[in-house]
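Chemist: Before I ask anything, here is the structure I am working with.
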Amino acid sequence: MPAARDLTASPGPDHPEHRFIIDPDKWEFYEMDAYRLFGDDERAANHARSVIRISTGPDGTEISPMRAAEARLTSELPPPAWARSKKPSAWAP
1 MPAARDLTAS PGPDHPEHRF IIDPDKWEFY EMDAYRLFGD DERAANHARS VIRISTGPDG
61 TEISPMRAAE ARLTSELPPP AWARSKKPSA WAP
């Protein structure tokens with residue numbers, strides 16, 4: 001995709017706290033959301049799997065839990081094991 005290619009080619013922000021800079025990892029999230037809204041469920045699910053992968057650290061910890069949650073809803077994947085537990089104490093990270 002040309003826009004994704006342009007985004008990855010641009011230099012990172014000098015001041016990431018500026019809200020006018022697009023987070024490159026969020027590009028997949030934007031695409032997932034757009035395809036879901038357009039009704040292209042297959043493409044949305046493909047991007048959702050990428051969002052889940054990007055949002056999960058090497059140890060399985062969710063780095064971006066809100067993005068991952070929306071991606072799971074989009075891709076219809078089950079929630080992580082800690083969320084399936086019936087004990088609320090298991091919900092804490």
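Yeah, the sequence shown ends on 93 if you go by UniProt numbering, and it's all consecutive. From the three backbone atoms N, C-alpha and C, an ideal C-beta is built for every residue, glycine too.
#1: Compare the beta carbon distance of A34 and V51 with 8 Å and say whether it is the shorter of the two.
#2: Excluding the 5 residues preceding and the 5 following K26 in the sequence, name in chain order all residues of the same chain whose CB lies nearer than 8 Å to its CB.
#3: For a cutoff of 8 Å on Cβ pairs, would you count T61 as touching chain B?
#4: With DSSP collapsed to three states, give me the class of T74.
#5: Could you check how far apart the C-beta atoms of A44 and R53 are, in whole angstroms? I think they sit under 8 Å.
#6: Excluding the five sequence neighbours on either side, which residues of its own chain have a C-beta within less than 7 Å of the C-beta of F29, listed in chain order?
#7: D59 lies in the alpha helix (DSSP H); which residues open and close that run?
#8: Give me, in chain order, the residues of the same chain whose beta-carbon lies closer than 8 Å to that of G39; leave out the 5 immediate sequence neighbours on both sides.
Modeler: Per the coordinate set shown:
#1: Numbered from 1 along the sequence shown, position 34 holds the residue referred to as residue 34. Numbered from 1 along the sequence shown, position 51 holds the residue referred to as residue 51. Their beta carbons are not under 8 Å apart, which means A34 does not touch V51 by this criterion.
#2: Within the sequence shown, the letter at position 26 stands for residue 26. Closer than 8 Å at Cβ, skipping near neighbours: R67.
#3: Checking the listed chains, one finds no chain B in this structure; it contains a single protein chain.
#4: By one-based count along the sequence shown, residue 74 stands at place 74. Helix at T74.
#5: The residue given as residue 44 occupies position 44 in the sequence shown. The residue given as residue 53 occupies position 53 in the sequence shown. With a Cβ gap of about 15 Å, A44 and R53 do not count as contacting.
#6: Your numbering for residue 29 matches position 29 in the sequence shown. For F29, where only same-chain residues beyond five positions count, the Cβ hits under 7 Å are V51 and R67.
#7: In the sequence shown, the residue the question calls residue 59 occupies position 59. Taken as a continuous stretch (DSSP letters only), D59 belongs to no alpha helix (DSSP H), as it is neither H nor E.
#8: Counted from its first residue, the sequence shown places residue 39 at position 39. Answer for G39: no residue qualifies.
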